[in-house]
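One structure below.
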Amino acid sequence: MAKDDFFKGLTDRHAAVTDGVFAIAMTILVLEIAVPTITDISSGVALNGYFIDYLAPSILIYFISFYLVYNFWENTVILFNFEKISYTILTLNMLTMAAVCLIPFATGFFFKFYNYINVNMFFSLLILVISLLYILIFILLIRNNFKDYFSKKDEIKSAIKDTRDEGMEFPNLKLYLRGVTLTLFYLLLAPVISSVLSIVLAFVSPLLSVLSFLLTLILVFVIRIKRISKDKFENVNLNDAEKEFVSNIRKSIYGE
0 MAKDDFFKGL
10 TDRHAAVTDG
20 VFAIAMTILV
30 LEIAVPTITD
40 ISSGVALNGY
50 FIDYLAPSIL
60 IYFISFYLVY
70 NFWENTVILF
80 NFEKISYTIL
90 TLNMLTMAAV
100 CLIPFATGFF
110 FKFYNYINVN
120 MFFSLLILVI
130 SLLYILIFIL
140 LIRNNFKDYF
150 SKKDEIKSAI
160 KDTRDEGMEF
170 PNLKLYLRGV
180 TLTLFYLLLA
190 PVISSVLSIV
200 LAFVSPLLSV
210 LSFLLTLILV
220 FVIRIKRISK
230 DKFENVNLND
240 AEKEFVSNIR
250 KSIYGE
(Lines of atoms letter the chains of each structure in order from A and count residues from 1; the text may use other names and numbers.)
(Lines give C-alpha, C1' and ligand atoms only; values in the text may rest on other atoms or scores of the structure.)
Protein backbone atom coordinates (compact mmCIF):
# COMPACT_ATOMS: atom_id res chain seq x y z
CA MET A 1 0.00 0.00 0.00
CA ALA A 2 1.35 3.42 -0.96
CA LYS A 3 2.09 5.92 1.79
CA ASP A 4 -0.54 8.35 0.47
CA ASP A 5 -3.16 5.59 0.41
CA PHE A 6 -2.24 4.55 3.95
CA PHE A 7 -2.50 8.11 5.23
CA LYS A 8 -5.80 8.63 3.39
CA GLY A 9 -7.14 5.51 5.10
CA LEU A 10 -5.89 6.80 8.46
CA THR A 11 -7.62 10.13 7.88
CA ASP A 12 -10.86 8.35 6.98
CA ARG A 13 -10.64 6.30 10.16
CA HIS A 14 -10.06 9.47 12.18
CA ALA A 15 -13.19 10.94 10.59
CA ALA A 16 -15.16 7.80 11.51
CA VAL A 17 -13.92 7.86 15.12
CA THR A 18 -14.73 11.57 15.31
CA ASP A 19 -18.30 10.95 14.14
CA GLY A 20 -18.63 8.20 16.75
CA VAL A 21 -17.42 10.48 19.54
CA PHE A 22 -19.93 13.16 18.60
CA ALA A 23 -22.78 10.65 18.27
CA ILE A 24 -22.11 9.27 21.75
CA ALA A 25 -21.59 12.71 23.32
CA MET A 26 -24.85 14.02 21.86
CA THR A 27 -26.75 10.91 22.99
CA ILE A 28 -25.56 10.77 26.60
CA LEU A 29 -26.21 14.46 27.23
CA VAL A 30 -29.84 13.68 28.03
CA LEU A 31 -28.81 10.88 30.43
CA GLU A 32 -27.24 13.51 32.67
CA ILE A 33 -30.73 14.79 33.58
CA ALA A 34 -31.60 13.00 36.81
CA VAL A 35 -35.07 11.49 37.21
CA PRO A 36 -36.32 11.94 40.80
CA THR A 37 -37.32 8.93 42.88
CA ILE A 38 -40.57 8.53 44.79
CA THR A 39 -38.74 9.25 48.03
CA ASP A 40 -37.50 12.54 46.57
CA ILE A 41 -40.97 13.66 45.46
CA SER A 42 -43.48 13.13 48.24
CA SER A 43 -46.04 15.79 47.28
CA GLY A 44 -47.31 17.99 44.47
CA VAL A 45 -45.45 20.93 45.98
CA ALA A 46 -42.17 18.98 45.86
CA LEU A 47 -42.87 18.00 42.24
CA ASN A 48 -43.53 21.63 41.29
CA GLY A 49 -40.28 22.59 43.00
CA TYR A 50 -38.44 19.92 40.99
CA PHE A 51 -39.85 21.30 37.74
CA ILE A 52 -38.99 24.90 38.55
CA ASP A 53 -35.67 24.52 40.36
CA TYR A 54 -34.15 21.62 38.41
CA LEU A 55 -35.95 20.30 35.34
CA ALA A 56 -36.69 23.60 33.54
CA PRO A 57 -33.11 24.96 33.74
CA SER A 58 -31.74 21.48 32.97
CA ILE A 59 -33.78 21.22 29.77
CA LEU A 60 -32.54 24.67 28.70
CA ILE A 61 -28.92 23.74 29.42
CA TYR A 62 -29.40 20.40 27.63
CA PHE A 63 -30.59 22.01 24.39
CA ILE A 64 -27.78 24.58 24.51
CA SER A 65 -25.16 21.85 25.10
CA PHE A 66 -26.67 19.69 22.36
CA TYR A 67 -26.47 22.55 19.86
CA LEU A 68 -22.88 23.38 20.85
CA VAL A 69 -21.82 19.76 20.31
CA TYR A 70 -23.70 19.72 17.00
CA ASN A 71 -21.97 22.95 15.97
CA PHE A 72 -18.56 21.43 16.74
CA TRP A 73 -19.50 18.37 14.69
CA GLU A 74 -20.41 20.61 11.74
CA ASN A 75 -17.02 22.30 12.05
CA THR A 76 -15.31 18.91 11.94
CA VAL A 77 -17.22 17.87 8.82
CA ILE A 78 -16.08 21.06 7.09
CA LEU A 79 -12.46 20.71 8.20
CA PHE A 80 -12.21 17.11 6.95
CA ASN A 81 -13.04 18.39 3.44
CA PHE A 82 -9.50 19.74 3.17
CA GLU A 83 -7.20 17.52 1.14
CA LYS A 84 -3.90 17.87 3.02
CA ILE A 85 -4.35 16.80 6.64
CA SER A 86 -1.14 16.26 8.61
CA TYR A 87 -0.40 14.06 11.64
CA THR A 88 -0.27 17.23 13.72
CA ILE A 89 -3.83 18.10 12.69
CA LEU A 90 -5.04 14.55 13.39
CA THR A 91 -3.41 14.71 16.83
CA LEU A 92 -5.06 18.05 17.54
CA ASN A 93 -8.36 16.60 16.37
CA MET A 94 -8.07 13.74 18.87
CA LEU A 95 -7.21 16.25 21.61
CA THR A 96 -10.32 18.18 20.61
CA MET A 97 -12.39 14.97 20.79
CA ALA A 98 -11.06 14.34 24.31
CA ALA A 99 -12.33 17.79 25.30
CA VAL A 100 -15.67 17.16 23.56
CA CYS A 101 -16.09 14.01 25.67
CA LEU A 102 -15.98 16.25 28.76
CA ILE A 103 -19.04 18.22 27.62
CA PRO A 104 -21.60 15.66 28.98
CA PHE A 105 -19.84 15.72 32.37
CA ALA A 106 -19.69 19.52 32.36
CA THR A 107 -23.35 19.64 31.35
CA GLY A 108 -24.37 17.28 34.19
CA PHE A 109 -22.34 19.42 36.59
CA PHE A 110 -24.14 22.43 35.17
CA PHE A 111 -27.57 20.82 35.73
CA LYS A 112 -27.03 20.59 39.49
CA PHE A 113 -25.01 23.72 40.21
CA TYR A 114 -25.95 26.25 37.50
CA ASN A 115 -26.30 29.03 40.08
CA TYR A 116 -22.60 28.87 40.97
CA ILE A 117 -20.07 31.08 39.21
CA ASN A 118 -17.35 28.40 39.27
CA VAL A 119 -19.55 25.91 37.42
CA ASN A 120 -20.48 28.51 34.78
CA MET A 121 -16.80 29.30 34.39
CA PHE A 122 -15.85 25.63 34.02
CA PHE A 123 -18.45 25.00 31.31
CA SER A 124 -17.64 28.22 29.44
CA LEU A 125 -13.88 27.65 29.59
CA LEU A 126 -14.34 24.12 28.22
CA ILE A 127 -16.33 25.44 25.24
CA LEU A 128 -13.72 28.19 24.75
CA VAL A 129 -10.82 25.69 24.72
CA ILE A 130 -12.58 23.46 22.17
CA SER A 131 -13.41 26.48 19.99
CA LEU A 132 -9.81 27.70 20.06
CA LEU A 133 -8.55 24.23 19.14
CA TYR A 134 -10.79 24.30 16.07
CA ILE A 135 -9.37 27.65 15.05
CA LEU A 136 -5.82 26.32 15.49
CA ILE A 137 -6.68 23.31 13.30
CA PHE A 138 -8.20 25.67 10.74
CA ILE A 139 -5.05 27.81 10.60
CA LEU A 140 -2.84 24.74 10.12
CA LEU A 141 -5.13 23.42 7.39
CA ILE A 142 -5.01 26.71 5.50
CA ARG A 143 -1.22 26.84 5.76
CA ASN A 144 -0.84 23.22 4.61
CA ASN A 145 -3.29 23.44 1.72
CA PHE A 146 -2.82 26.99 0.44
CA LYS A 147 0.74 28.12 1.11
CA ASP A 148 0.73 30.24 -2.05
CA TYR A 149 -2.24 32.15 -0.68
CA PHE A 150 -0.02 33.80 1.92
CA SER A 151 2.55 34.87 -0.65
CA LYS A 152 0.05 36.93 -2.67
CA LYS A 153 -1.53 39.16 -0.05
CA ASP A 154 -1.16 42.34 -2.12
CA GLU A 155 -2.75 40.68 -5.14
CA ILE A 156 -5.60 39.39 -3.00
CA LYS A 157 -6.24 42.78 -1.40
CA SER A 158 -6.25 44.42 -4.82
CA ALA A 159 -8.68 41.83 -6.22
CA ILE A 160 -11.01 42.22 -3.26
CA LYS A 161 -11.01 45.98 -3.64
CA ASP A 162 -11.63 45.82 -7.40
CA THR A 163 -14.40 43.19 -7.19
CA ARG A 164 -16.12 44.20 -3.96
CA ASP A 165 -19.31 45.18 -5.76
CA GLU A 166 -19.38 41.92 -7.73
CA GLY A 167 -19.66 39.48 -4.85
CA MET A 168 -15.99 38.42 -4.68
CA GLU A 169 -15.96 36.41 -7.90
CA PHE A 170 -12.21 35.91 -8.23
CA PRO A 171 -10.32 34.70 -11.32
CA ASN A 172 -8.60 31.78 -9.55
CA LEU A 173 -8.78 29.64 -6.44
CA LYS A 174 -6.16 31.48 -4.42
CA LEU A 175 -8.13 34.69 -4.65
CA TYR A 176 -11.52 33.06 -4.23
CA LEU A 177 -10.41 31.22 -1.09
CA ARG A 178 -10.01 34.54 0.66
CA GLY A 179 -13.80 34.68 0.69
CA VAL A 180 -14.79 31.10 1.48
CA THR A 181 -12.12 30.54 4.15
CA LEU A 182 -13.06 33.84 5.77
CA THR A 183 -16.62 32.55 6.07
CA LEU A 184 -15.34 29.36 7.68
CA PHE A 185 -13.20 31.37 10.10
CA TYR A 186 -16.23 33.45 11.11
CA LEU A 187 -18.21 30.26 11.78
CA LEU A 188 -15.40 28.91 13.97
CA LEU A 189 -15.17 32.23 15.79
CA ALA A 190 -18.87 32.26 16.80
CA PRO A 191 -18.57 29.90 19.82
CA VAL A 192 -15.41 31.73 20.93
CA ILE A 193 -17.37 34.97 21.18
CA SER A 194 -20.24 33.25 23.00
CA SER A 195 -18.00 31.50 25.54
CA VAL A 196 -16.00 34.66 26.31
CA LEU A 197 -19.27 36.56 26.82
CA SER A 198 -20.53 33.73 29.04
CA ILE A 199 -17.43 33.94 31.24
CA VAL A 200 -17.95 37.69 31.71
CA LEU A 201 -21.68 37.31 32.40
CA ALA A 202 -21.05 34.54 34.95
CA PHE A 203 -20.07 37.28 37.40
CA VAL A 204 -23.33 39.14 36.71
CA SER A 205 -26.07 36.53 36.25
CA PRO A 206 -25.93 32.72 35.89
CA LEU A 207 -29.00 32.80 33.66
CA LEU A 208 -27.48 35.38 31.30
CA SER A 209 -24.27 33.36 31.26
CA VAL A 210 -26.19 30.30 30.04
CA LEU A 211 -28.32 32.22 27.55
CA SER A 212 -25.24 33.87 26.02
CA PHE A 213 -24.50 30.57 24.22
CA LEU A 214 -27.63 31.13 22.15
CA LEU A 215 -25.52 33.83 20.49
CA THR A 216 -23.62 31.01 18.74
CA LEU A 217 -26.81 29.90 17.01
CA ILE A 218 -27.67 33.49 16.03
CA LEU A 219 -24.16 34.31 14.78
CA VAL A 220 -23.88 31.13 12.69
CA PHE A 221 -27.26 31.86 11.08
CA VAL A 222 -26.40 35.50 10.36
CA ILE A 223 -22.93 34.65 9.00
CA ARG A 224 -24.37 32.14 6.55
CA ILE A 225 -27.05 34.56 5.37
CA LYS A 226 -24.62 37.48 5.02
CA ARG A 227 -21.77 35.57 3.40
CA ILE A 228 -23.58 33.31 0.94
CA SER A 229 -23.71 35.95 -1.82
CA LYS A 230 -20.03 36.80 -1.31
CA ASP A 231 -18.91 33.19 -1.66
CA LYS A 232 -20.17 32.70 -5.20
CA PHE A 233 -17.69 31.22 -7.64
CA GLU A 234 -19.36 31.43 -11.04
CA ASN A 235 -16.91 32.01 -13.89
CA VAL A 236 -13.95 31.28 -11.62
CA ASN A 237 -11.06 29.48 -13.33
CA LEU A 238 -10.69 26.29 -11.26
CA ASN A 239 -9.39 22.84 -12.11
CA ASP A 240 -11.44 19.74 -11.29
CA ALA A 241 -9.78 19.13 -7.90
CA GLU A 242 -10.27 22.76 -6.90
CA LYS A 243 -13.90 22.73 -8.02
CA GLU A 244 -14.54 19.60 -5.94
CA PHE A 245 -12.96 21.18 -2.86
CA VAL A 246 -14.89 24.44 -3.20
CA SER A 247 -18.12 22.54 -3.87
CA ASN A 248 -17.62 20.40 -0.75
CA ILE A 249 -16.92 23.44 1.40
CA ARG A 250 -20.03 25.25 0.11
CA LYS A 251 -22.16 22.16 0.69
CA SER A 252 -20.84 21.90 4.24
CA ILE A 253 -21.45 25.57 4.99
CA TYR A 254 -24.64 26.25 3.07
CA GLY A 255 -26.09 22.81 2.32
CA GLU A 256 -25.97 23.46 -1.41
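Just so it is clear: in the sequence shown, position 9 is 8 by numbering that gives the first Met the number 0, and no numbers are missing. Note that CB positions come from ideal geometry on N, CA and C, so glycine has one too.
Pair within 8 Å by beta-carbon distance, Val99 and Val20: yes
Integer-rounded CB distance, given that Thr106 should sit under 8 Å from Ser64: 4 Å
Range covered by the alpha helix (DSSP H) that runs through Phe137: Ile116 to Asn144
Of the listed residues Leu210, Thr95 and Val219, nearest to Leu186 (C-alpha basis): Val219
Minimum C-alpha distance to Asn74 - residue among Ser130, Asn47 and Leu9: Ser130
Host alpha helix (DSSP H) of Ala45 (start-end): Note, Ala45: alpha helix (DSSP H), Gly43 to Tyr49.
Pairwise C-alpha distance: Leu67 and Ser211: 12 Å
Given 8 Å, three or more beta-carbon pairs between the stretch 129-143 and the stretch 84-93: yes
Tyr86 - DSSP class collapsed to helix/strand/coil: helix
Closest residue to Ser260 among Asn117, Phe108 and Thr90 (Cα-Cα distance): This structure does not reach residue 260, given that the chain is present from 0 up to 255, and the question cannot be answered.
Three-state class that DSSP yields for Ala33 in the structure shown: The three-state secondary structure of Ala33, taken from DSSP, is coil.
Boundaries of the alpha helix (DSSP H) in which Leu59 is found, first to last residue: Ala55 to Leu78
Cutoff 8 Å; reference Phe108; Cβ partners in own chain excluding five residues on either side: For Phe108, where only same-chain residues beyond five positions count, the Cβ hits under 8 Å are Val118, Phe121 and Phe122.
Same chain, Cβ closer than 7 Å to Ile40, five either side skipped, listed in chain order: The answer, listed in chain order, is Leu46 and Tyr49.
Helix, strand or coil at Ile40 [DSSP, three-state]: coil
Contact test: Leu30 Cβ vs the ligand SAM heavy atom, cutoff 7 Å: Summarising the ligand content, the structure contains no ligands, and the ligand SAM is consequently not present.
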